[in-house]
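Throughout the sequence shown, residue numbering follows this note's numbering, covering 572 to 1187 in sequence. We put the beta carbon where it would ideally sit given N, CA and C, even for glycine. From a predicted model like this one, the values you see are computed outputs, not experimental measurements. What follows is a single structure, written as structure tokens, with notes after it.
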Amino acid sequence: QPEAATEHYYTECTQHQYAVFKSDKNITSFSCLTIRFPRTQSDTALTQQSNIHFIHEPGCRSAVTTDKIKLTLHFKLFLIKKKYILLLKGNFFSFRKEVWIMDPATDMYYYWLLTIAVPVFYNLMFLVARACFNELQFQNSTLWLVLDYVSDALYCMDIFVRARTGFLEQGLLVKDAKILKEKYMKTPQFKLDMLSVIPTDIVFFYIGINNPEWRFNRLFRLGRLFEFFDRTETRTNFPNIFRIANLVLYIIIIIHWNGCLYFAVSKILGFGSDTWVYPGPKKPEFSQLSRQYIYSFYWSTLTLTTIGETPPPVRDVEYFFVVVDFLTGVLIFATIVGNVGAMISNMNAARVEFQAKIDSIKQYMQFRKVTKDLEARVVKWFDYLWTEGKTCDEKQVLKNLPDKLKAEIAINVHLETLRKVRIFQDCEAGLLIELVLKLQPQVFSPGDYICKKGDIGREMYIIKEGKLAVVADDGVTQFVVLSDGAYFGEISILGIKGSKAGNRRTANIRSVGYSDLFALSKDDLMEALTEYPDAKNALEEKGRAILMKDNLIDESLVAATDAKDLENKVDQIEASFEIMSAKFRKLTNQYDSSQRKLKQRLSNLSNQFRSLRVDE
């Protein structure tokens, strides 16, 4: 029997069949780890003692006890502050020290993509340039050698990272290093990654280091660059601008490669041998490296975009090269330009849609002969919405999100605002969340009345941005100005008994400028409070205390209201009793009718039976 456990660890085994625990200090005596498995696990593996084995590893020994859904392992560890994984494979259990796993959903993975994208882009742009422009390779051969082997080291590290990158299975991240490695090795990407690190540089020992074309196998890692672009597009706040910049980069890369190939073909055919190839380097202005590259890039741009005049080809090889360039330009650049047009249209889609709304409103006002002053106010209101970026419909934007995420966004945006309201302070978190989801944004123009004295209060308001003035009946005299974070109307929507004002507004409130408010309707509040009766009573008590403090409670009205409520309840009970009595009478009549019909049928059957016996 093992010694008494000095430490006890409890964890759950997930669908991936591993559990994780961590020791915070050196364990020098037997300790106990309890793992609860899902009930879907095989009972045989968990109930038959003879079928359960523990794989002993260095520094660990165990005794095993089981029941239907629980396995307890007594183990001894001699490592300090290490994290272990208990693995279940069939009927075998084993401890393994947890290894480092890259979660693809983290920022760390994105930054690694950025890191590996740099050497990939370096190889994409400079290998072909160094292979075609000999002077570029000769002038900086030591620098290229260092950069090449740094990029190779990063390529090798990337293979390790890929083998340790987790993936989701049944919604959970797989962290088993062996499973991750096996899955990675079965993918086509593994073969490409291995091809990209084949040391083709060995040929440098025989032909010299100035032959970078032997390193073209490094371009098999281009997938990492595209993955980085995709991740960046989803993370950036300006996706349309990034897409356009990305397309421009692709255009530059294509022109760059084509220009390098043009210079290489010219070198093979002979510089200056005809009018199509690159002019002879014997001319001083064409002998510099910068002029060689710029001329080739210029020629490539004119040819692929089919803009401008270039020297006509002379030889068959030159004709073939130009035809391929024309086809490439037509296919690729037509696609790219089309995508750019679509992106620009998407960027203006919101403006076009908003302008269509304005046009329809203008047509309606002209049809109904609305006054010019009111028409100008409507147009200014739309201009304010567009200028401040408040044209989007929040419900429309969030409709594709699950309710849980909608709630979290609403809580993040509005919860602190709602907590500022006196009557909602110290309320249950669940009620506040319900109310947050029911807040409706509203925008008021300068001079608009939010409410007038004597109006029935059906909403309460919270000022998000702007200024509201409490004014006299003349609409000019201002008593007080409310600013961001202020609220009003919270008492009227509660319907406090005995309130001297009832549920009517007690002041005139109008917008000084453009104001953004959140509105909470009485119906939405009462709907939320149906699930929180205690909170409803607490809110009414808070509201009553506020009114009593301001001397706005009339006790006689409270008694009269209570009496009226009691009378209403009695009337409701009487009405319900009458309805029930009517239903009971209806059921009684139906029962009597069915009894008569049953007796009649029994009588008929008896007569038929008697007639049959007489015939016999």
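Coarse secondary structure for residue i, derived from DSSP in three states
i     : result
D735  : It is Arg, not Asp, that sits at residue 735 in the sequence shown. If DSSP states are grouped into helix, strand and coil, R735 belongs with coil.
F892  : helix
V745  : coil
D729  : helix
F834  : helix
K1170 : helix
C1043 : It is worth fixing the name first, because residue 1043 is Ala in this sequence and not Cys. Note: A1043 maps to coil in three-state DSSP.
S844  : coil
L947  : The amino acid occupying residue 947 in the given sequence is Ala; Leu does not appear at that position. A947 falls in the helix class under three-state DSSP.
Y681  : helix
Y1020 : strand
R1156 : helix
I769  : coil
E583  : Its pLDDT being 39, under 50, E583 is placed unreliably in this model, and the value from its coordinates should be taken loosely. In this structure, E583 counts as strand in the three-state DSSP scheme.
I780  : coil
S1092 : strand
D997  : coil
T515  : Examination of residue 515 is not possible in this model, given that the chain is present from 572 through 1187 alone.
E1149 : helix
I878  : coil
Length of the line joining the Cα atoms of residue i and residue j
i     : j     : result
L820  : I907  : 11 Å
L818  : I839  : 32 Å
E1005 : C727  : 52 Å
K1157 : M1151 : 10 Å
I1201 : R990  : Only positions 572 to 1187 of the chain appear in this structure, which leaves residue 1201 out of reach.
L739  : V745  : 6 Å
L972  : L714  : 51 Å
S916  : S861  : 38 Å
G841  : W683  : 44 Å
T771  : Y720  : 12 Å
A1146 : E999  : 36 Å
Q1143 : F1059 : 34 Å
M765  : V895  : 31 Å
T958  : M936  : 22 Å
Y1020 : A1043 : 12 Å
V923  : W671  : 50 Å
V836  : K966  : 60 Å
E706  : N694  : 18 Å
V941  : A920  : 29 Å
F761  : R886  : 43 Å
I982  : T899  : 52 Å
G830  : M696  : 12 Å
R802  : K961  : 28 Å
V523  : D729  : The requested residue 523 does not occur in the structure, where the chain is confined to residues 572 to 1187.
Q1161 : N1178 : 26 Å
L956  : A905  : 37 Å
A978  : L945  : 38 Å
Beta-carbon proximity of residue i to residue j, cut-off 8 Å
i     : j     : result
T736  : P810  : no
L1118 : K1107 : no
Y1085 : V1014 : yes
L976  : V1007 : no
M1097 : E1061 : no
E1036 : D1087 : yes
F834  : C703  : yes
V1047 : I1080 : no
I994  : K1093 : no
L1065 : E1111 : yes
I1033 : T1077 : no
I1067 : R1029 : no
R806  : V691  : no
L698  : R786  : yes
Whole-angstrom C-beta distance between residue j and residue i, which should lie under 8 Å
i     : j    : result
F791  : L763 : 4 Å
L725  : I769 : The Cβ separation is near 16 Å, so there is no contact.
V893  : T874 : 7 Å
H827  : F868 : 7 Å
V732  : M679 : About 10 Å separates the two Cβ atoms, so there is no contact after all.
S1016 : W952 : 5 Å
Residue(s) in a DSSP beta bridge with residue i
i     : result
L1065 : Beta-bridge pairing links L1065 to no other residue.
F1059 : Y1032
M673  : T736
V1087 : Note that residue 1087 is Asp in the sequence shown here, rather than Val. Answer by DSSP bridge pairing, in chain order: V1014, E1036.
Q1049 : V1042
Y814  : It should be pointed out that residue 814 corresponds to Arg in this sequence rather than to Tyr. Paired residue(s): none; R814 is not in a bridge.
N1079 : V1042
I1027 : R1075
The ligand GTP heavy atom lying under 7 Å from the CB of residue i
i     : result
T1101 : For the ligand GTP, the structure offers nothing, since it holds no ligand at all.
Test: residue i CB closer than 8 Å to a CB of chain D
i    : result
S712 : Protein chain content of the structure displayed is limited to a single chain, and chain D is not contained in it.
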